[in-house]
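Data block below; observations after.
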Amino acid sequence: VVLGSDIAFSYPTCRELSRAVAYSLEPLPWENVNAARFIHLCPEHRDDVAYLKKFLEEGYRMSLDHGYVKLQKLFLKPIILDAGDHESKVDEEPLEVQRMK
282 VVLGSDIAFS YPTCRELSRA VAYSLEPLPW ENVNAARFIH LCPEHRDDVA
332 YLKKFLEEGY RMSLDHGYVK LQKLFLKPII LDAGDHESKV DEEPLEVQRM
382 K
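When you line the sequence shown up against my numbering, it's residues 282 to 382, in that order.
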(Lines of atoms letter the chains of each structure in order from A and count residues from 1; the text may use other names and numbers.)
(Lines give C-alpha, C1' and ligand atoms only; values in the text may rest on other atoms or scores of the structure.)
Protein backbone atom coordinates (compact mmCIF):
# COMPACT_ATOMS: atom_id res chain seq x y z
CA VAL A 1 0.00 0.00 0.00
CA VAL A 2 1.22 3.46 -0.91
CA LEU A 3 -0.53 6.20 1.02
CA GLY A 4 -0.52 9.83 -0.04
CA SER A 5 -2.31 12.40 2.05
CA ASP A 6 -2.96 15.83 0.57
CA ILE A 7 0.25 15.75 -1.42
CA ALA A 8 1.12 19.17 -2.82
CA PHE A 9 1.78 18.74 -6.52
CA SER A 10 1.17 20.52 -9.79
CA TYR A 11 0.80 19.37 -13.39
CA PRO A 12 4.49 18.68 -14.11
CA THR A 13 5.14 16.90 -10.81
CA CYS A 14 2.03 14.70 -10.96
CA ARG A 15 3.62 12.92 -13.94
CA GLU A 16 6.54 11.84 -11.73
CA LEU A 17 4.20 11.00 -8.84
CA SER A 18 2.05 8.77 -11.05
CA ARG A 19 5.16 7.03 -12.41
CA ALA A 20 6.50 6.41 -8.89
CA VAL A 21 3.14 5.04 -7.76
CA ALA A 22 2.72 2.81 -10.82
CA TYR A 23 6.19 1.28 -10.54
CA SER A 24 5.93 0.90 -6.76
CA LEU A 25 2.69 -1.06 -7.16
CA GLU A 26 3.82 -3.15 -10.12
CA PRO A 27 3.01 -6.84 -9.51
CA LEU A 28 5.93 -9.15 -8.88
CA PRO A 29 6.50 -12.01 -11.38
CA TRP A 30 5.55 -14.72 -8.85
CA GLU A 31 2.31 -13.02 -7.73
CA ASN A 32 -0.92 -14.31 -9.28
CA VAL A 33 -3.01 -11.36 -8.17
CA ASN A 34 -1.86 -7.79 -7.61
CA ALA A 35 -3.45 -6.64 -4.36
CA ALA A 36 -1.41 -3.43 -4.21
CA ARG A 37 -3.27 -0.18 -3.56
CA PHE A 38 -2.55 3.53 -3.77
CA ILE A 39 -4.69 5.60 -1.42
CA HIS A 40 -4.66 9.33 -2.04
CA LEU A 41 -6.55 11.59 0.36
CA CYS A 42 -7.11 15.24 -0.48
CA PRO A 43 -9.87 17.86 -0.67
CA GLU A 44 -12.29 17.09 -3.51
CA HIS A 45 -11.90 20.53 -5.07
CA ARG A 46 -8.15 20.13 -5.74
CA ASP A 47 -7.71 20.91 -9.45
CA ASP A 48 -4.50 18.98 -10.04
CA VAL A 49 -6.06 15.67 -8.96
CA ALA A 50 -7.61 15.39 -12.44
CA TYR A 51 -4.11 15.24 -13.96
CA LEU A 52 -3.03 12.56 -11.50
CA LYS A 53 -6.12 10.48 -12.31
CA LYS A 54 -5.49 10.91 -16.04
CA PHE A 55 -1.86 9.79 -15.81
CA LEU A 56 -2.74 6.76 -13.68
CA GLU A 57 -5.73 5.65 -15.78
CA GLU A 58 -4.54 6.42 -19.29
CA GLY A 59 -0.77 6.42 -18.94
CA TYR A 60 -0.33 3.41 -16.63
CA ARG A 61 -3.70 1.71 -17.20
CA MET A 62 -4.49 1.55 -13.51
CA SER A 63 -8.08 1.14 -12.39
CA LEU A 64 -9.25 3.87 -10.06
CA ASP A 65 -11.99 3.85 -7.47
CA HIS A 66 -13.15 7.31 -6.49
CA GLY A 67 -14.66 7.68 -3.06
CA TYR A 68 -15.19 10.11 -0.24
CA VAL A 69 -14.04 10.03 3.34
CA LYS A 70 -16.06 11.96 5.90
CA LEU A 71 -13.82 13.50 8.51
CA GLN A 72 -14.70 14.92 11.89
CA LYS A 73 -12.76 17.50 13.82
CA LEU A 74 -12.34 16.86 17.55
CA PHE A 75 -11.64 19.65 20.01
CA LEU A 76 -10.01 18.27 23.15
CA LYS A 77 -10.22 19.80 26.59
CA PRO A 78 -6.84 21.24 27.59
CA ILE A 79 -4.77 19.44 30.21
CA ILE A 80 -3.46 21.86 32.82
CA LEU A 81 -0.48 20.82 34.92
CA ASP A 82 1.04 22.49 37.94
CA ALA A 83 4.40 24.18 37.43
CA GLY A 84 6.21 21.45 39.37
CA ASP A 85 4.64 18.53 37.51
CA HIS A 86 6.77 16.50 35.14
CA GLU A 87 5.74 16.35 31.44
CA SER A 88 5.25 12.57 31.69
CA LYS A 89 2.17 13.26 33.79
CA VAL A 90 0.40 14.35 30.58
CA ASP A 91 0.38 10.69 29.47
CA GLU A 92 -1.45 9.73 32.65
CA GLU A 93 -4.28 12.25 32.16
CA PRO A 94 -7.31 11.03 30.16
CA LEU A 95 -8.20 12.86 26.96
CA GLU A 96 -11.66 14.40 27.00
CA VAL A 97 -13.55 15.63 23.96
CA GLN A 98 -14.77 19.19 24.39
CA ARG A 99 -16.80 19.23 21.17
CA MET A 100 -16.97 17.70 17.68
CA LYS A 101 -17.43 19.47 14.38
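Just so you know, even glycine gets a beta-carbon here, dropped at the ideal spot from N, CA and C.
Please name the residue or residues paired with S286 in a DSSP beta bridge.
DSSP output for S286 lists L322 as bridge partner(s).
Inter-residue Cα distance where the pair is R296 and I320
Between R296 and I320, the C-alpha separation is close to 17 Å.
CB of M381 within 9 Å of CB of K354, strictly
For M381 and K354, yes; Cβs fall inside 9 Å.
DSSP-derived helix/strand/coil call for R380:
It is a strand residue.
Per the contact definition of three or more C-beta pairs closer than 8 Å, is the region 367-380 in contact with the region 325-338?
In this structure the region 325-338 does not lie against the region 367-380, because fewer than three pairs of beta carbons, one per stretch, are closer than 8 Å.
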